[in-house]
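K.L.:
1 is the number of the first residue of the sequence shown in our numbering; add one for each residue after it.
I'd like to ask you about the structure that follows.
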Amino acid sequence: VLGKLRDLPHGIVSMNSKGNIERSLANASLLDRFEYVIGYEEVSEARQKPAPDGLLMCIDQLTGMAPGHVAYVGDHQIDIECARNANEALTADDYDIHVFSIGAAYGIGTESGAWPEEPDYTAQCPDDIASIVWR
Numbered sequence: 001v002l003g004k005l006r007d008l009p010h011g012i013v014s015m016n017s018k019g020n021i022e023r024s025l026a027n028a029s030l031l032d033r034f035e036y037v038i039g040y041e042e043v044s045e046a047r048q049k050p051a052p053d054g055l056l057m058c059i060d061q062l063t064g065m066a067p068g069h070v071a072y073v074g075d076h077q078i079d080i081e082c083a084r085n086a087n088e089a090l091t092a093d094d095y096d097i098h099v100f101s102i103g104a105a106y107g108i109g110t111e112s113g114a115w116p117e118e119p120d121y122t123a124q125c126p127d128d129i130a131s132i133v134w135r
């Protein structure tokens, strides 16, 4: 999937530590595919997901807040809420950016319909992500 989306910038916003994320990516030879990684230590405890702060920092680093669309892939309800909260903050600040959420309903037992708030799109397998992004 990363190969199919290689022309787009990639970032990670996680409640895991940046060091752990980067080590995992390096071990999988994927670290060079991500331009920006935000771990929990870069966002105050009070502003962790579902607050949009980490996601907004990542969008700023990757796009400079240029108008457009941002795909945010997550595997938990909190990720869907974070995308919604980012859209609210972007609208309030008059940015012409829309974040659409993609729920990853594979690999961890999460199924579509299992979340109280549905994502904009649901990926049943990793390849679905590229299909959704290129719509």
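All C-beta atoms, glycine included, are put in the ideal place defined by N, C-alpha and C.
1. Pull up the distance between the alpha-carbon of Glu81 and that of Glu117, whole angstroms please.
2. Just curious, the beta strand (DSSP E) that Val37 is in, first and last residue?
3. Measuring only the C-alpha atoms, how far is Thr63 from Asp75?
4. How many angstroms separate the CA atom of Leu8 from the CA atom of Asp60?
5. So what does DSSP say about Val70, is it helix, strand or coil?
6. Using DSSP with H/G/I as helix, E/B as strand and the rest coil, what is Val99?
7. Alpha carbon to alpha carbon, what distance is there between Val99 and Tyr36?
8. Can you check which of these residues, Pro119, Asn20, Leu30 and Gly103, is closest to Ile38 by C-alpha distance?
9. Can the beta-carbon of Gly68 be found closer than 8 Å to that of Val13?
10. Taking the beta strand (DSSP E) that Gly11 belongs to, which residues open and close that run?
11. Excluding the 5 residues preceding and the 5 following Leu90 in the sequence, name in chain order all residues of the same chain whose CB lies nearer than 6 Å to its CB.
12. Run through DSSP, which three-state label would Ala86 get?
13. Just reading off the beta strand (DSSP E) that Ala123 is part of, what are its end residues?
P.N.:
According to the data block:
1. 8 Å
2. Tyr36 to Ile38
3. 23 Å
4. 14 Å
5. strand
6. strand
7. 17 Å
8. Asn20
9. no
10. Gly11 to Val13
11. Ile97
12. helix
13. Tyr121 to Ala123
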